[in-house]
Structure formats: C-alpha cells, structure tokens
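Heads up: the structure comes next, in structure tokens.
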Amino acid sequence: MEHRITPDPQRSRATAEVVARASYGRLVAWLAARGAGIAAAEDALADAFVKALERWPIDGPPDNPEAWLLTAARRKLIDANRHSQVRHGAMDDILRSIDERDSAPAAALPDERLRLMYICAHPAIDPSIRTPLMLQTVLGLDARTIAGAFLTSPSTMGQRLVRAKRKIAEARIVFADPDPEDLAERTEAVLDAIYAAFGAHFDDAQRQGAGLAEEALFLARLVARLTPKTAEAHGLVALIAFIHARDAARSPSAAYIPFDSQDTTLWRVDLISEAELSLATAAQLATHGRYQLEAAIQSAHVARRLYGADTRRHVVMLYDRLLTIAPSVAAIIARAAAINAAGEPEQALISLDAIDPQRVDRHQPYWATRAAIAARLNLPCAVDCYQRAIGLSDDASVRSFLAERQNDVTA
Amino acid sequence: MQYILFLYGDEEAFHDKPHAEQERIVGEHMAFSQALSESGAMVSGNPLGRPSAGRIVRQRGGSQLVENGPFSDAKEQLGGYYIIEASDLDEALDWAAKCPAASDGAVEVRPIWSIE
Numbered sequence: 045m046e047h048r049i050t051p052d053p054q055r056s057r058a059t060a061e062v063v064a065r066a067s068y069g070r071l072v073a074w075l076a077a078r079g080a081g082i083a084a085a086e087d088a089l090a091d092a093f094v095k096a097l098e099r100w101p102i103d104g105p106p107d108n109p110e111a112w113l114l115t116a117a118r119r120k121l122i123d124a125n126r127h128s129q130v131r132h133g134a135m136d137d138i139l140r141s142i143d144e145r146d147s148a149p150a151a152a153l154p155d156e157r158l159r160l161m162y163i164c165a166h167p168a169i170d171p172s173i174r175t176p177l178m179l180q181t182v183l184g185l186d187a188r189t190i191a192g193a194f195l196t197s198p199s200t201m202g203q204r205l206v207r208a209k210r211k212i213a214e215a216r217i218v219f220a221d222p223d224p225e226d227l228a229e230r231t232e233a234v235l236d237a238i239y240a241a242f243g244a245h246f247d248d249a250q251r252q253g254a255g256l257a258e259e260a261l262f263l264a265r266l267v268a269r270l271t272p273k274t275a276e277a278h279g280l281v282a283l284i285a286f287i288h289a290r291d292a293a294r295s296p297s298a299a300y301i302p303f304d305s306q307d308t309t310l311w312r313v314d315l316i317s318e319a320e321l322s323l324a325t326a327a328q329l330a331t332h333g334r335y336q337l338e339a340a341i342q343s344a345h346v347a348r349r350l351y352g353a354d355t356r357r358h359v360v361m362l363y364d365r366l367l368t369i370a371p372s373v374a375a376i377i378a379r380a381a382a383i384n385a386a387g388e389p390e391q392a393l394i395s396l397d398a399i400d401p402q403r404v405d406r407h408q409p410y411w412a413t414r415a416a417i418a419a420r421l422n423l424p425c426a427v428d429c430y431q432r433a434i435g436l437s438d439d440a441s442v443r444s445f446l447a448e449r450q451n452d453v454t455a
Numbered sequence: 283m284q285y286i287l288f289l290y291g292d293e294e295a296f297h298d299k300p301h302a303e304q305e306r307i308v309g310e311h312m313a314f315s316q317a318l319s320e321s322g323a324m325v326s327g328n329p330l331g332r333p334s335a336g337r338i339v340r341q342r343g344g345s346q347l348v349e350n351g352p353f354s355d356a357k358e359q360l361g362g363y364y365i366i367e368a369s370d371l372d373e374a375l376d377w378a379a380k381c382p383a384a385s386d387g388a389v390e391v392r393p394i395w396s397i398e
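So, in structure tokens, the structure goes:
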C-alpha cells in the first residue's frame with residue numbers, strides 16, 4: 045500500500061471522516077453482498093475504521109482509502125470466522141470470493157446500496173423498522189438521528205435496530221435481487237427510507253447533514269432508474285429536488301428566510317428543471333401517490349415565485365387530495381397555511397380547530413401557523429401563539445424570525 | 283421523573299450586548315418557560331445572580347472559610363436552571379434543545395433522584 049511521505053494527523057482524521065460519511069453504506073453493501081451478513085459486515089468495517097484512525101495519522105492517509113478499509117475489514121472477517129465455533133459451510137467460499145475481488149480499485153466498486161435497501165425491506169422484517177434499518181446500514185446514520193426522524197427515543201431505536209439485524213442474520217435472509225413481483229412493494233419501503241433520510245437532513249439545524257441530502261437525491265434517482273415504471277420513484281426525485289434546490293436560499297446568512305422572501309436567484313435551476321421533468325414522467329404513468337402530490341405542491345409554489353402564476357387555490361386542492369391518500373397532522377396544518385395564503389384566514393382557523401389540541405400541544409409548526417392566521421385576522425391571541433411557537437423552536441434563527449413577526453403584531 | 287437543566291453561558295458577553303439584544307434573549311427565555319408551563323412540563327426555573335456575586339463556604343476545624351466568586355475561569359458559567367417533568371431522558375433532552383441557552387451556550391441535563 046502506498047503512503048504519503050509526510051503524515052498529517054488532522055488530515056488523516058478528516059480523510060477518515062469523509063470516507064466514513066461517503067462510503068460507509070457502499071462498503072457495508074459490498075461486504076454484505078459477498079455473504080458476510082449485514083451485522084458482521086458492520087462489525088468488520090467498524091474495526092477497519094478504528095485501525096484507520098490508528099494507522100493513518102502515523103503512515104499518512106492511503107491513496108485509496110476505500111480499498112484500504114475493505115482489506116482491513118476483510119481480514120477482520122477472516123479472523124472472526126476462524127475464531128467462530130459456528131461455521132456455516134458457505135463462509136469459506138464467501139471469503140474466497142472477497143479475496144478474489146480484493147484487487148478491485150475503489151472506483152470500480154459497484155454501487156450495491158440499493159440492493160442492501162431491498163434486503164432491509166424484506167417481508168420478514170417488521171415494516172416499522174425497515175426504514176430505520178436502511179438509514180443505518182445504507183446511509184450510516186446513528187440511532188439518535190434516526191430516532192429524531194421517527195419521533196422515538198434513541199435507546200428504543202437502538203434496541204430495535206439490533207433486533208432487526210439479528211433477525212436478518214438468523215433468518216439467513218440472502219442478499220439477492222428480490223423477485224419482480226416483490227419489487228413494487230419493496231420499492232415503496234425503499235422510497236420511504238430515502239425520504240426519511242432527506243428529512244433527517246432537513247431537521248438538522250447545524251446543517252451537518254448537507255451530504256445526506258445529496259445522498260438521498262442520489263438514491264432516489266437510482267430507484268427511479270431501476271424501476272422506471274414506478275411513478276412514486278419519479279415523484280420522490282421531484283420532491284427532493286424541489287426542496288433541495290432552495291437550500292442556499294433558505295438561510296444565506298444566519299437568519300431564517302421563509303419561502304416567500306427567498307432570493308430566487310439562489311435557487312438551483314438545474315434541480316428545479318430535473319424536478320419538473322421527473323414530475324412530468326410520474327404524471328405520464330397515471331398513478332397518483334403521496335410523493336407526486338407533494339412534489340406537485342412544490343411545483344405550484346415555485347411557479348408562483350418564478351412566473352407570478354397565482355397557484356394558491358391549486359395548492360389547497362392538492363392538499364385536499366393528499367389528505368385523502370395520506371392523512372397526517374402535518375398535512376392538515378400545511379393545508380390550513382395554504383388556505384390562509386389563498387386569502388381565507390377564517391376558513392384556515394376552522395380547519396386548525398378541528399385538530400385534537402392534545403396532539404399539537406408541543407407541535408411547533410401548529411403554533412407558528414396558528415399565529416400567522418391569527419395575525420392576519422387581527423386577533424389578539426396572535427401574540428400568545430407566536431410566544432408558544434418561539435418557546436417550542438429549537439433553532440435560534442427561527443426564534444428570531446418569529447419574534448419579529450410577534451413584534452409586528454404588537455406594534 | 284424530574285430533570286434539572288443547568289444553563290451555561292458567557293455572562294460577560296451577555297452584559298456587553300446592546301439593550302435590544304438582551305431584551306430579545308430574555309424574551310426567548312420567557313417564551314421557553316411559557317411553553318414548558320403550557321405543556322405541563324414546568325416545575326420551576328430561575329436565573330441566577332452573576333458568578334462574581336457567588337460565595338463558597340467551607341467549614342474546617344471549627345472555622346468557617348468563605349471564598350468570593352467567580353470560582354471558575356471558564357468562559358461559560360452557570361447562569362440559571364429549570365426543573366422540568368419529563369417521561370424519560372430523551373424527552374428532557376428534547377426540551378433542552380429548545381432552551382435558548384443551548385443555541386449560544388450549553389445546557390446540562392441531570393436526572394433528579396427523589397428520596398422518599
């Protein structure tokens with residue numbers, strides 16, 4: 045293995061971190077695809093990362109970090125197999141096949157993350173844990189981040205992930221392409237996992253998950269390419285691309301900028317074009333789904349800002365449809381905001397009142413939306429609603445934004 | 283289960299801020315305590331006097347030693363606390379994240395043992 049001459053510990057650590065983020069899922073998938081099993085692949089890879097953090101600061105980062113990690117992980121797998129009392133006959137073959145592929149350069153590694161995702165969506169795996177499992181094994185998210193995206197506790201999530209992986213190992217769920225008839229069903233679970241991964245990035249106030257948004261978009265495109273007849277796959281590409289296109293405009297400085305005040309020249313035209321194309325492709329397939337509808341709502345918002353089209357009634361109608369196929373508190377609140385924007389704040393308030401108060405006790409978007417509607421109606425309770433929304437925000441820029449709106453009301 | 287949230291922040295930096303900025307920060311704390319109260323999670327909470335106003339007392343061999351604050355050279359000092367009711371640590375951490383001190387300082391969360 046070639047090494048650079050001058051070791052630089054900080055650089056080595058940074059390299060390890062970049063590789064860990066960018067390649068984790070691909071390396072796990074590569075090892076698992078050769079029959080090592082997900083849990084064993086993860087263990088071996090974790091061990092390889094530990095070794096990398098020991099060696100790279102001394103030797104300098106290798107020219108091909110992925111290949112280095114694969115070699116280290118493969119050795120660990122051989123050791124683990126040697127020490128294991130339980131041998132299944134296939135193990136020797138598997139290790140041999142890994143050996144044969146060892147010389148493959150990192151650039152030539154096939155992207156097997158998608159196949160790993162289909163395994164996680166296997167019918168034997170409890171549906172509620174499929175998405176978190178994919179997030180961890182394919183995208184390398186930790187239990188805390190995943191728990192945040194699924195509104196559950198990190199400890200509970202961690203235990204459930206361990207159980208699911210044990211099940212994969214015990215049931216010897218093979219790493220193979222699912223049958224064509226299973227593919228549609230599993231694709232739905234895969235799409236949910238990708239969107240959850242994107243959502244986890246979106247909640248991240250520190251924006252450390254920026255790489256994850258690209259990853260989610262990348263995976264969505266991959267599913268759309270692999271299953272071109274799945275309308276929802278194209279719908280998801282469109283939805284993620286629309287939202288991600290506005291990333292730079294959302295907070296160009298430390299301040300939070302709401303959609304209507306964003307500088308549209310900061311929007312990424314390439315992503316918006318891709319989103320529109322994907323949405324058109326999905327529409328031609330003539331099956332409606334949640335992601336398509338949400339993407340269509342995004343499209344309507346974007347058209348209003350870019351071309352001055354008055355699409356506000358369309359947005360309300362699209363939310364009506366969305367609520368019939370995928371009802372959620374979040375969608376009811378978003379629909380109320382759309383009704384308010386369309387100039388009917390009284391109606392908007394009525395639809396918010398229909399929600400069970402206990403469900404929105406600590407729900408920041410509910411209070412922020414209610415505050416905006418009340419402000420529009422000149423109701424005195426707007427001040428209290430803004431106050432509640434500020435108290436429930438965990439992002440300083442959002443708190444400042446809401447405090448300004450609150451001041452406007454009292455002024 | 284009760285948890286205490288210790289709020290750490292840069293006291294000096296706060297006092298150097300313009301008045302409007304100080305008011306904004308105080309306003310955020312008021313919003314946070316109100317959200318705690320209205321969600322039924324608030325037990326109590328208060329700001330503390332400045333670290334220099336603190337005293338440490340030690341009783342050794344019949345004599346009392348009193349030392350004047352501040353007691354730490356750390357930039358971030360304890361500036362206030364909240365005692366909250368939460369079903370588990372995760373819920374307590376969730377509240378801590380919403381606390382304004384978490385955005386520009388740090389919030390330490392500790393479970394309170396009830397001795398009964």
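Keeping their order, the protein sequence lines are chains A and B.
Residue 299 in my numbering is what sits at position 255 of the first sequence, and the numbering runs on without skipping anything.
Residue 369 in my numbering is what sits at position 87 of the second sequence, and the numbering runs on without skipping anything.
Even glycine gets a Cβ: it sits at the ideal position worked out from N, Cα and C.
All of these numbers come straight from a predicted model, not from anything done at the bench.
Practice task
Return the chain-ordered list of same chain residues with a C-beta closer than 6 Å to the C-beta of Pro302/A, the five sequence neighbours on each side being excluded.
Solution key: none
Handout entry: Complete alpha helix (DSSP H) runs within the segment 225 to 309 of chain A (minimum length 4 residues, chain order)
Key = 254 to 270, 275 to 289 and 291 to 294
Handout entry: Buried versus exposed call for Asp247/A [16 or more other C-beta atoms within 10 Å across all chains shown]
Key = For Asp247/A, the pLDDT reaches just 47, beneath the cut-off of 50, and the residue's location in the model is therefore unreliable, leaving the point undetermined.
Exercise for the section: Kindly provide the ranges of any beta strand (DSSP E) runs that are 3 or more residues long and lie completely inside the segment 323 to 372 of chain B, ordered along the chain. Expected result: 324 to 329, 337 to 342, 345 to 350 and 359 to 367
Practice task
Give a yes or no on whether the minimum CB-CB distance between Ser343/A and chain B is below 8 Å.
Solution key: no
Problem - Candidates Glu303/B, Ile394/B, Gln316/B and Pro393/B, of which the one nearest Tyr430/A by Cα - result: Checked all of Glu303/B, Ile394/B, Gln316/B and Pro393/B; the closest Cα to Tyr430/A is Gln316/B.
Handout entry: Close Cβ partners of Glu310/B (< 8 Å) along its chain, the five nearest in sequence each way excluded
Key = Taken in chain order, the residues that qualify are Pro382.
Practice task
Find out if the Cβ-Cβ distance for the pair Gln240/A, Thr189/A is shorter than 8 Å.
Solution key: A small correction: the amino acid at residue 240/A is Ala; Gln does not occupy that position in the sequence shown. Not closer than 8 Å, so no.
Exercise for the section: Kindly say whether Leu263/A, judged by its beta-carbon, lies nearer than 8 Å to any beta-carbon of chain B. Expected result: no
Exercise for the section: Could you check what DSSP says for Ala388/B in three-state terms: helix, strand or coil? Expected result: strand
Exercise for the section: Report back the beta-carbon spacing between Ala433/A and Ala415/A to the nearest angstrom; my notes put them in contact at under 8 Å. Expected result: Right, the Cβ-Cβ distance comes to about 5 Å (below 8 Å), so this counts as a contact.
Exercise for the section: Would you verify that the beta carbon of Asp292/B is, or is not, closer than 8 Å to some beta carbon of chain A? Expected result: no
Practice task
In the DSSP assignment, find the unbroken alpha helix (DSSP H) run with Gln391/A in it and report its ends.
Solution key: Pro389 to Asp397
Problem - Below-8 Å beta-carbon distance, Gln203/A vs any chain B residue - result: Gln203/A does not count as touching chain B.
Handout entry: Neighbourhood of Tyr300/A by C-beta, 8 Å cutoff - its chain only, sequence neighbours within 5 removed
Key = Arg294, Asp439, Ser441, Val442, Ser444 and Phe445
Practice task
Using beta-carbon positions only, say whether Ala60/A and Leu114/A come within less than 8 Å of one another.
Solution key: no
Practice task
Over the uninterrupted beta strand (DSSP E) stretch that includes Gly291/B, give me the two end residues.
Solution key: Gln284 to Gly291
Problem - Exposed unless 16 or more other CB atoms sit within 10 angstroms - verdict on Lys357/B - result: exposed
Exercise for the section: Measure the C-alpha to C-alpha separation of Val308/B and Asp236/A and round it to an integer number of angstroms. Expected result: 41 Å
Problem - Cβ shell of Phe286/A (< 8 Å), same chain only, five flanking positions each side left out - result: Leu315, Ile316, Ala319, Ala339, Gln342, Ser343 and Val346
Handout entry: Three-way DSSP call (helix, strand, coil) for Ala134/A in this model
Key = Below a pLDDT of 50, predicted positions are generally treated as unreliable, and Ala134/A, at 45, falls in that range; the measurement from the model is reported next regardless. Helix.
Problem - Test: Ser437/A CB closer than 8 Å to a CB of chain B - result: yes
Exercise for the section: Please confirm whether Leu360/B and Phe288/B have their CB atoms less than 8 Å apart. Expected result: yes
Exercise for the section: Check distances from the C-beta atoms of the segment 319 to 336 of chain A to those of chain B and list, in chain order, the residues that come in under 7 Å. Expected result: none
Handout entry: Inter-residue Cα distance where the pair is Ile377/A and Pro409/A
Key = 7 Å
Exercise for the section: With Ala426/A as the anchor, note down where its alpha helix (DSSP H) starts and where it stops. Expected result: Looking at the DSSP string, the run of the alpha helix (DSSP H) that includes Ala426/A is Cys425 to Gly435.
Practice task
Could you tell me whether the Cβ of Ser197/A comes closer than 8 Å to any Cβ of chain B?
Solution key: yes
Handout entry: Residue-level contact to chain B via CB, Ile163/A, 8 Å cutoff
Key = no
Practice task
Please list, in chain order, all residues of the same chain as Glu390/B whose beta carbon is under 6 Å from its beta carbon, the five residues on each side excluded.
Solution key: Phe288
Practice task
Check the Cβ of Ala447/A against every Cβ in chain B and list those closer than 9 Å, keeping chain order.
Solution key: Arg306, Gly309, Glu310 and Ala313
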